[in-house]
Amino acid sequence: AQSVTQLGSHVSVSEGALVLLRCNYSSSVPPYLFWYVQYPNQGLQLLLKYTSAATLVKGINGFEAEFKKSETSFHLTKPSAHMSDAAEYFCAVSRRITGGGNKLTFGTGTQLKVEL
Amino acid sequence: EAGVAQSPRYKIIEKRQSVAFWCNPISGHATLYWYQQILGQGPKLLIQFQNNGVVDDSQLPKDRFSAERLKGVDSTLKIQPAKLEDSAVYLCASSPYTSGASYEQYFGPGTRLTVT
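See the structure below:
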């Protein structure tokens, strides 16, 4: 079975500081990994995904994540936080479903707070 | 391109009542997903459709939940009778791809259900 663990349910940073959101995965096969962001009262929006093409993945809004197989990690970073980054962030692992599509298994989420 | 549409956005019902949620995926998307997101948790897949057929409903509480996707387009999720623990946000997602684990799912804004 595949799973992800997000360390820290709440992270607080100052505006302009580095953002680091942690995600560790468990998978018996090479994983496909995703980061989604959820703003209040909205659905989830894809930030970036890892599909084995490159270990450093760049996403929208200045976010990036690095896949480290030896550490089974896929941490999300952004060099300089902006107030608009305040949201909940979900890491997810995907597997193909027999019959079509894929199944996402999400972590419990990390609420990012950005302070002035 | 219009996104995934869901209605209603909010619903308050009493326990033992019934409720239905509607989802209209992005035009042309073959795969449709319903997720349940309880406060403080990541989304959990309830059911997945490929066109109008079910490919995964292993986590759907079938004694009270039902879903259909007639004509392979929009979908309805029903709860009858509702319990207090069904209070959650119900997210609908769709994907244009019929196979593969690396593909993005596009999420709607969700329906927030409160059962009193």
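Residue numbers (the working numbering), protein chains in the order written: chain A, 1 to 116; chain B, 1001 to 1116. From the three backbone atoms N, C-alpha and C, an ideal C-beta is built for every residue, glycine too. All figures in this text were calculated on a predicted structure; none of them were measured in a lab.
Under 7 Å between C-beta atoms of residue i and residue j
{"i": "LEU1031 of chain B", "j": "GLY101 of chain A", "result": "This sequence places Thr at residue 1031 of chain B; Leu is not what is there. Yes, the pair counts as a contact, with Cβ atoms nearer than the cut-off."}
{"i": "THR105 of chain A", "j": "GLN38 of chain A", "result": "no"}
{"i": "GLU64 of chain A", "j": "THR77 of chain A", "result": "yes"}
{"i": "VAL19 of chain A", "j": "ALA81 of chain A", "result": "yes"}
{"i": "TYR36 of chain A", "j": "LEU48 of chain A", "result": "no"}
{"i": "GLN1048 of chain B", "j": "TYR1035 of chain B", "result": "no"}
{"i": "GLY1042 of chain B", "j": "PHE90 of chain A", "result": "yes"}
{"i": "CYS1092 of chain B", "j": "GLY1108 of chain B", "result": "yes"}
{"i": "GLU71 of chain A", "j": "LEU56 of chain A", "result": "no"}
{"i": "ALA1082 of chain B", "j": "ILE1038 of chain B", "result": "no"}
{"i": "VAL1094 of chain B", "j": "VAL1004 of chain B", "result": "Just to set this straight, residue 1094 of chain B is Ser in the shown sequence, not Val. Contact: yes."}
{"i": "VAL4 of chain A", "j": "TYR32 of chain A", "result": "no"}
{"i": "GLN42 of chain A", "j": "GLY107 of chain A", "result": "no"}
{"i": "THR98 of chain A", "j": "VAL11 of chain A", "result": "no"}
{"i": "GLN943 of chain B", "j": "SER1018 of chain B", "result": "Residue coverage of chain B in this structure runs from 1001 to 1116, which leaves residue 943 of chain B outside it and unanswerable."}
Sequence-distant residues of the same chain with beta carbon closer than 7 Å to residue i, five excluded per side
{"i": "ALA86 of chain A", "result": "LEU112, LYS113 and VAL114"}
Same chain, Cβ closer than 6 Å to residue i, neighbours up to 5 away in sequence not counted
{"i": "GLY16 of chain A", "result": "SER80"}
{"i": "TYR1010 of chain B", "result": "ARG1112"}
{"i": "ARG1103 of chain B", "result": "The sequence shown places Tyr at residue 1103 of chain B, rather than the Arg named in the question. Hits under 6 Å: SER1095 and TYR1097."}
Residue from the options whose Cα sits closest to the Cα of residue i
{"i": "PRO1096 of chain B", "options": "B:TYR1010, B:SER1007 and B:PRO1025", "result": "B:PRO1025"}
{"i": "ASN1051 of chain B", "options": "B:GLN1080, B:HIS1029 and B:LEU1039", "result": "B:HIS1029"}
{"i": "LEU1070 of chain B", "options": "B:GLY1053, B:LYS1078 and B:TYR1090", "result": "B:GLY1053"}
{"i": "SER84 of chain A", "options": "A:PRO40, A:PHE34 and A:CYS23", "result": "A:PRO40"}
{"i": "ASP1057 of chain B", "options": "A:LYS103, A:LEU116 and A:SER9", "result": "A:LYS103"}
Within-7 Å CB hit, residue i to chain E
{"i": "LEU1091 of chain B", "result": "Although the question refers to chain E, the structure presented lacks it and instead comprises the protein chains A and B."}
Chain-order list of residues whose beta-carbon lies under 8 Å from that of residue i (same chain, five-residue window excluded)
{"i": "PRO30 of chain A", "result": "SER52"}
Checklist entry - When you check each C-beta in the segment 1049-1077 of chain B against every C-beta of chain A, which residues fall closer than 8 Å? => result GLN1050, GLY1053, VAL1055 and ASP1056
TODO: Could you tell me which uninterrupted beta strand (DSSP E) segments, each at least 3 residues in length, are contained entirely in the segment 2-90 of chain A, listed from first to last along the chain?
DONE: 3-7, 10-14, 19-26, 32-38, 44-50, 56-58, 64-68 and 73-78
*Which residues, taken in chain order from the segment 92-105 of chain A, show a beta carbon closer than 7 Å to some beta carbon of chain B?*
SER94, ARG95, ARG96, ILE97, GLY99, GLY100, GLY101, ASN102, LYS103 and LEU104
Exercise. Taking only beta carbons into account, state which residues of the segment 1102-1115 of chain B come closer than 7 Å to chain A, listed in chain order.
Key: SER1102, TYR1103, GLU1104, GLN1105, PHE1107, GLY1108, PRO1109 and GLY1110
Practice task
Identify each residue in the segment 75-93 of chain A for which the Cβ-Cβ distance to at least one residue of chain B is less than 7 Å, and report them in chain order.
Solution key: Those residues of the segment 75-93 of chain A that come within reach of chain B (Cβ to Cβ, closer than 7 Å) are PHE90.
Interface residues of the segment 4-25 of chain A facing chain B [CB-CB below 9 Å]: VAL4, GLN6 and SER9
- Query: Listed in chain order, which residues of the segment 35-46 of chain A have Cβ atoms closer than 9 Å to some Cβ of chain B?
  - Reply: TYR36, GLN38, ASN41, GLN42, GLY43, LEU44, GLN45 and LEU46
Q.
Please list, in chain order, the residues of the segment 1019-1047 of chain B that have any C-beta partner in chain A closer than 8 Å.
A. ALA1030, THR1031, TYR1033, GLY1040, GLN1041, GLY1042, PRO1043, LYS1044 and LEU1045
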